[in-house]
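**Q** Have a look at this one before I ask anything.
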């Protein structure tokens, strides 16, 4: 039997979710694999999303007093080793530079030469190298707090990679701060998590759960790791951002000391926090459908494409003039921090043109033909609605209302995502139901499990690791906003005071 | 004998220019050396300059249709080897990744493990890896031109480094384009050079000479390298930006082919062009004086610092209120693309405070004390004028005129630099004078030579390399705007039709 409904992306989400994800990226031209193992090429349509994320975050960071700086790509091995848990956490995925030139080898090809005395690690994260600077910058309590952010590439060698979600090199920001008191550092850790929540929910339209990681999921060397967790359309969890309270661990490792107001020498309290191009993977998996990418307007690579419809050659000048004048007017309008971005696509390729833009996820498609022009109107399609559900709007009304329409789309996508997350997040209090939720017997697609289970956990490493082993399910976070209630652990029955979020994860 | 005049920077330019340069950077807090050999830490005051340069350039690029993208940090060795001259040019300065993890070594320390089958080169430039993407992106003339830019870090291993001017890792942008015709590629090469000239002259206030490199100074693999060259205050030349016409060399190496409108298969014509954080070194050495950094307002980290003068504690609330209200009003004003950036420094450290800001090169210093407030005025010092040459201005007049004052400073710095360059650029037509110009016998400081010599060159590699050997002087460029005249080569006496720029260089 043939499928009745045709979709632009093959396979659909239901048919093969991982493959659907790759196809959405390919058809939307966001990124591609590179010949360098594990590294991706971020193409212009994808990089524009990252630029928008950067602008939004950078402004929010700066409003809280954070300043940007830049630190070396390479970290001497001895620096990474300063914090024992830290190096342990990253040793298995380090790109190591051992030579500093090439020379002719025995068979005339080039081979590495000029061996370094000490290997250099391509930064997987920069606590140790930034800590070294902080140790020079800080000597008195008057030098604190130090509030620094870096936009950079980092490398964590991955054997199995996925565009945006898991690549050996990725782009991110890493914030690093040093404070005179523990409380101030904890306030900063939470403040930055709140900024990530705001980015995710208000810009990316991705609803998130805020909470803290269990000890086993903490950043290597951290005292406390806070995170935002999102639900993808296959109901798996994606860690979308983390903010770490590092206590004095890294200050001790890097010797970040200051003289207090009471003239006592003390170690500083530090934090670090980051989000990465992984967010783009989360964006794709939250909103896109079986016709391809869907971009929330506030973070979209571009807002609107104008599609002149020219059936007769003689109409061309008139249609193009109308189109270009509309584009010019739209481009002068602001939407959020930036001006409206407008594309014109006058390729003569028939229906494929409209589908190209649907697959690229642009929020608005505007068709402009002689009939529309005669009526001084435009024919508008919204990416959050069915592809053939288009509306004729008077030209000037469209110009006047475009930002309102974009806001509606933004709101719509967010509400849709909230609903999906709500429908697939369930409080479960019996062990049988818990197991069934994650390993349903009668489900066609076993890789699509139930979603988020809010269940009680006794707090033991043992239960956590048994659940992970038995069900491939991890504790995504201990949410901040769960009410305190006395129950039993879902796995061992021992007393528990808190529900946590259990899920399969990316 | 003691020096009569005291300066904030010790030594002065005349006393020890290279050391003066380091001290200017140290006192202005632009950057510092890192424990990673050859790499620098760009501190917030320095990074802000780079952010401003990025914003200006990025806008200019995008206006010409260029889009940003991101390509892998690592280039497989076999890719770099695809263009013979290219790999030859970079082989001596490559950071090579050979392993992808760390494991416990014999003496319990960590050692590199997981040897890669093929070494990876940390990109010194990205022609070969970007060319690989272009070969996939281009199949028809309709896919051309491809206009791509990348903001990235690159690594060229340096044995002797200098902050900003020569570091093993630096930040830059690299543009890469592919075209259907030779002419179009050459037009693009020149267009980007014009953008670099505009950045240098209109924003950095650095006058430059535009021209092309001789064959020996070309980018490895290029057909033609165009450049902008600037004169530093020690009269040495600094290459401030390059734009390369690559012919079809890299298209052939990377297999970038397209089907033409006539249905013939052809190789594309490519270009590449870049500027780097080196520009910040040029900025420092063009404008700064013996009191430290001087920043042109259009690119300055910040525009104005407000310095509340509080002698009696009871005055503090009134002075701070006046200061903060002024700051608020100033911050709402635009200067160029961005809002005015305003600092408030209320540290109680006496005269050192004003000097700190002089050394940091901020364009305007504004003192605000009870007497000024009583007269509703402020006391303004300009960094392009003597430090004690301050003017009282009515508060609202200052607010109204601040952007005009900043423009005056910008113009002033540029004119000063133009004059300096003019005074130290001389047409020389006799060999004795040429030698004397570069190796003056009676000069106290032999490292400060004459400047730029505009002299004739026969075009032979031989003369070029003899001059380089004898005088450590290179041909910086063959300027575009030199009149065609028939004379003799300054070194061999053979016929020559063009003057070129000879200088010592960074």
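Protein chains in written order, with our numbering: chain G, 890 to 1395; chain D, 890 to 1395.
Idealized CB from N, CA, C, for every residue including glycine.
Quick check on the DSSP output: what are the complete beta strand (DSSP E) runs of length 3 or more inside the segment 1178-1216 of chain D, in order along the chain?
**A** The qualifying runs are 1193-1197.
**Q** List the residues that DSSP assigns as beta-bridge partners of residue 1067 of chain G.
**A** G:1035, G:1159
**Q** For the segment 1251-1283 of chain D, enumerate the residues whose C-beta is nearer than 7 Å to any C-beta of chain G, in chain order.
**A** With the criterion set as a beta carbon lying under 7 Å from some beta carbon of chain G, the segment 1251-1283 of chain D has no members that meet it.
**Q** Any beta-carbon of chain D closer than 8 Å to the one on residue 983 of chain G?
**A** yes
**Q** Output the boundary residues of the beta strand (DSSP E) element that contains residue 929 of chain G.
**A** Per DSSP, the unbroken beta strand (DSSP E) holding residue 929 of chain G starts and ends at 929-931.
**Q** Report yes if the C-beta distance between residue 1256 of chain G and residue 1295 of chain G is below 8 Å; otherwise report no.
**A** no
**Q** Could you pull the start and end residues of the beta strand (DSSP E) that residue 1113 of chain G belongs to?
**A** Taken as a continuous stretch (DSSP letters only), the beta strand (DSSP E) holding residue 1113 of chain G covers 1113-1120.
**Q** Using a Cβ-Cβ distance cut-off of 8 Å, determine whether residue 909 of chain G contacts chain D.
**A** no
**Q** Between the segment 1087-1102 of chain G and the segment 1118-1127 of chain G, do three or more beta carbon pairs fall short of 8 Å?
**A** With a cut-off of 8 Å, the segment 1118-1127 of chain G and the segment 1087-1102 of chain G count as touching, because enough Cβ pairs lie within range.
**Q** Which chain G residues sit within Cβ distance under 8 Å of residue 1245 of chain D?
**A** Those within 8 Å of residue 1245 of chain D in chain G number zero; the least Cβ separation is about 14 Å.
**Q** Let me know if residue 984 of chain D comes out buried or exposed under the rule of 16 or more other beta-carbons within 10 Å of its beta-carbon.
**A** buried
**Q** Going along the segment 930-941 of chain G in order, which residues come within less than 7 Å of chain D, judged by CB to CB distance?
**A** 930, 931, 932, 933, 936, 940
**Q** Does the segment 1058-1070 of chain D come into contact with the segment 1159-1170 of chain D, if we say contact requires no fewer than three beta-carbon pairs (one atom in each stretch) closer than 8 Å?
**A** Between the segment 1058-1070 of chain D and the segment 1159-1170 of chain D there are three or more inter-stretch CB-CB distances shorter than 8 Å, so the stretches are counted as touching.
**Q** Considering only C-alpha positions, which residue in the set G:1032, G:1391, G:913, G:1351 is nearest to residue 1368 of chain G?
**A** G:1391
**Q** Scan the segment 1062-1073 of chain D for residues whose Cβ lies nearer than 9 Å to a Cβ of chain G and list them as they occur along the chain.
**A** So the list is empty, because no residue satisfies the distance condition.
**Q** For residue 1224 of chain D, list the residues DSSP reports as bridge partners.
**A** D:1227
**Q** For chain G, find out if any of its Cβ atoms is closer than 8 Å to the Cβ of residue 1389 of chain D; answer yes or no.
**A** no
**Q** Which runs of the alpha helix (DSSP H) at least 4 residues long sit entirely within the segment 960-1001 of chain G? Give them in chain order.
**A** 966-969, 973-979
**Q** Under 8 Å between the Cβ atoms of residue 965 of chain D and residue 1007 of chain D?
**A** Residue 1007 of chain D is positioned such that its CB atom lies closer than 8 Å to that of residue 965 of chain D.
**Q** Can you tell me the Cα-Cα spacing of residue 1036 of chain D and residue 1301 of chain G, whole angstroms?
**A** One C-alpha to the other measures close to 35 Å.
**Q** For residue 1363 of chain G, does the three-state DSSP call read helix, strand or coil?
**A** strand
**Q** Would you mind sorting residue 891 of chain D into buried or exposed? The rule is 16 or more other CB atoms within 10 Å of its CB.
**A** Low confidence applies to residue 891 of chain D: its pLDDT is 48, below 50, so where it sits in the model is not reliable enough to give any reading.
**Q** Determine whether the Cβ of residue 976 of chain G lies closer than 8 Å to any Cβ atom of chain D.
**A** yes
**Q** For residue 1375 of chain G, which of helix, strand or coil comes out of DSSP?
**A** coil
**Q** Does any C-beta atom of chain D lie closer than 8 Å to the C-beta of residue 1058 of chain G?
**A** yes
**Q** Give the range of the beta strand (DSSP E) segment to which residue 1322 of chain G is assigned.
**A** Where residue 1322 of chain G is concerned, there is no enclosing beta strand (DSSP E), although the alpha helix (DSSP H) it sits in stretches over 1320-1327.
**Q** Less than 8 Å between CB atoms is the rule here; does residue 990 of chain G satisfy it with respect to chain D?
**A** Proximity of residue 990 of chain G to chain D, defined by a Cβ-Cβ separation below 8 Å, is satisfied.
**Q** Please list, in chain order, all residues of the same chain as residue 1124 of chain G whose beta carbon is under 7 Å from its beta carbon, the five residues on each side excluded.
**A** Around residue 1124 of chain G: 1313, 1337, 1338, 1339, 1340.
**Q** Report, in whole angstroms, the separation of the C-beta atoms of residue 1385 of chain D and residue 1377 of chain D, which I expect to be a contact under 8 Å.
**A** So it is a contact: roughly 6 Å between Cβ atoms.
**Q** So, is the C-beta of residue 923 of chain G closer than 8 Å to a C-beta in chain D?
**A** yes
**Q** Taking Cβ-Cβ distances shorter than 7 Å, what residues in chain G pair up with residue 1001 of chain D?
**A** 985, 987, 1008
**Q** Just the C-alpha distance for residue 960 of chain G and residue 929 of chain D, rounded to the nearest angstrom, thanks.
**A** Take the alpha-carbon of residue 960 of chain G and the one of residue 929 of chain D: they are about 7 Å apart.
**Q** Taking the alpha-carbon positions, what's the residue 1233 of chain G to residue 1253 of chain G distance?
**A** 12 Å
**Q** Classify residue 1284 of chain D as helix, strand or coil using the three-state DSSP reduction.
**A** helix
**Q** Nearest-angstrom Cα distance between residue 1343 of chain G and residue 1198 of chain G?
**A** 52 Å
**Q** Is residue 1061 of chain D helix, strand or coil by DSSP?
**A** strand
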